[in-house]
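A.B. asks: One structure coming up, written as structure tokens, with questions to follow.
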Amino acid sequence: MPAEAILHDGEFLRLKRRDNWEYVERANARAAVIIVAVTDDDALLLVEQPRVPIGGPVLELPAGLVGDIVGEEDEALEIAAARELEEETGHRPGRLTFLCAGPPSAGLANETMAFYRAHDLTRIDAGGGDDSEQITPHEVPLAQIEAWLAAREAEGIRVDPKIYAGLYFLMRDRLQAG
Numbered sequence: 004m005p006a007e008a009i010l011h012d013g014e015f016l017r018l019k020r021r022d023n024w025e026y027v028e029r030a031n032a033r034a035a036v037i038i039v040a041v042t043d044d045d046a047l048l049l050v051e052q053p054r055v056p057i058g059g060p061v062l063e064l065p066a067g068l069v070g071d072i073v074g075e076e077d078e079a080l081e082i083a084a085a086r087e088l089e090e091e092t093g094h095r096p097g098r099l100t101f102l103c104a105g106p107p108s109a110g111l112a113n114e115t116m117a118f119y120r121a122h123d124l125t126r127i128d129a130g131g132g133d134d135s136e137q138i139t140p141h142e143v144p145l146a147q148i149e150a151w152l153a154a155r156e157a158e159g160i161r162v163d164p165k166i167y168a169g170l171y172f173l174m175r176d177r178l179q180a181g
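Heads up: the sequence shown begins at 4 in the working numbering, then just goes up one per residue.
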């Protein structure tokens, strides 16, 4: 296997080269978790936050890094998923089920993301992330999700395609349940 060269070693990202391929590694986390959560009144939990690389706000499923807290580098994926859902949306899951895991951008980064479905939600606060984040939580009725996302996109808000993956999992689960 060809040798790797570190081109930049930052606080959060490490840029590497192997042969003629440049790619990124997370320097401060092992993975990311994405949470698909629906309230008792059938609303999908989403978050909106500014993303510097995009240059504006993005609508996303609640998500976050795993192992990025000092002293908790070995944090379990499920613990991170529950923590991130609570931080970003103010909802605590009664239980989580694993949906799938894989690379979100295999040509750019070595990161792995894991999708979880949150069940039995309890609202404990308003959410909005921690002090370093500017997160706006949204509860969007599933019956209106397509029109709502289209309207937000028409306003110039970017929509993360992982939302559509989450909607697929919800549809699949409902079809399997009969």
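From the three backbone atoms N, C-alpha and C, an ideal C-beta is built for every residue, glycine too. Fair warning: this is a prediction, and the values are worked out from it, not measured in the lab.
Could you check if residue 83 is buried or exposed, using at least 16 other CB atoms within 10 Å of its CB as the buried criterion?
C.D. replies: With 16 or more Cβ atoms within 10 Å of its Cβ, residue 83 is classed as buried.
A.B. asks: Given a threshold of 16 other Cβ atoms within 10 Å of its Cβ, counted over all protein chains shown, does residue 92 qualify as buried or as exposed?
C.D. replies: Counting Cβ neighbours within 10 Å, residue 92 comes out buried, since at least 16 surround it.
A.B. asks: Exposed or buried, what is residue 38 when buried is set at 16 or more other beta-carbons lying within 10 Å of its beta-carbon?
C.D. replies: Its Cβ being crowded by 16 or more others within 10 Å, residue 38 is buried.
A.B. asks: Quick check on the DSSP output: what are the complete beta strand (DSSP E) runs of length 3 or more inside the region 37-81, in order along the chain?
C.D. replies: Counting whole runs of 3 or more residues, the region 37-81 contains the beta strand (DSSP E) stretches 46-54, 59-63 and 66-69.
A.B. asks: With a threshold of 7 Å on Cβ separation, who are the neighbours of residue 133 within its own chain once the five nearest residues in sequence on each side are excluded?
C.D. replies: Closer than 7 Å at the Cβ level, and outside the excluded window around residue 133, lie 90.
A.B. asks: Under the criterion of a Cβ to heavy atom distance below 7 Å, does residue 180 qualify as lining the ligand FAD?
C.D. replies: In the structure shown, the ligand FAD is absent, as is every other ligand, since no ligand is present at all.
A.B. asks: Whole angstroms is fine: what's the gap from residue 168's alpha carbon to residue 22's?
C.D. replies: Going from the Cα of residue 168 to the Cα of residue 22 covers about 33 Å.
A.B. asks: Just checking my contact of residue 55 with residue 65 at CB under 8 Å: how many whole Å lie between their CB atoms?
C.D. replies: With a Cβ gap of about 19 Å, residue 55 and residue 65 do not count as contacting.
A.B. asks: By Cβ distance, which residues of its chain are closer than 6 Å to residue 81, with the 5 residues on each side in sequence left out?
C.D. replies: Taken in chain order, the residues that qualify are 99.
A.B. asks: Assuming residue 150 is part of the alpha helix (DSSP H), what are its boundary residues?
C.D. replies: From DSSP, the alpha helix (DSSP H) with residue 150 extends over 148-157.
A.B. asks: Hey, quick one: how far does the beta strand (DSSP E) through residue 101 stretch, first residue to last?
C.D. replies: Per DSSP, residue 101 belongs to the beta strand (DSSP E) from 98-105.
A.B. asks: Rounding to the nearest angstrom, what Cα-Cα distance links residue 73 and residue 129 in this structure?
C.D. replies: Residue 73 and residue 129: Cα-Cα distance of roughly 25 Å.
A.B. asks: Assuming residue 145 and residue 41 are in contact, meaning their beta carbons sit under 8 Å apart, how far apart are those beta carbons, in whole angstroms?
C.D. replies: With 8 Å as the limit, residue 145 and residue 41 qualify as a contact, their Cβ atoms being about 7 Å apart.
A.B. asks: Could you work out which residue in 27, 151 and 180 is closest to residue 46 when comparing CA atoms only?
C.D. replies: The residue with the shortest Cα to Cα distance from residue 46 is 151.
A.B. asks: If distances are taken between C-alpha atoms only, which option among 18, 127 and 87 comes closest to residue 119?
C.D. replies: Nearest of 18, 127 and 87 to residue 119, Cα basis: 87.
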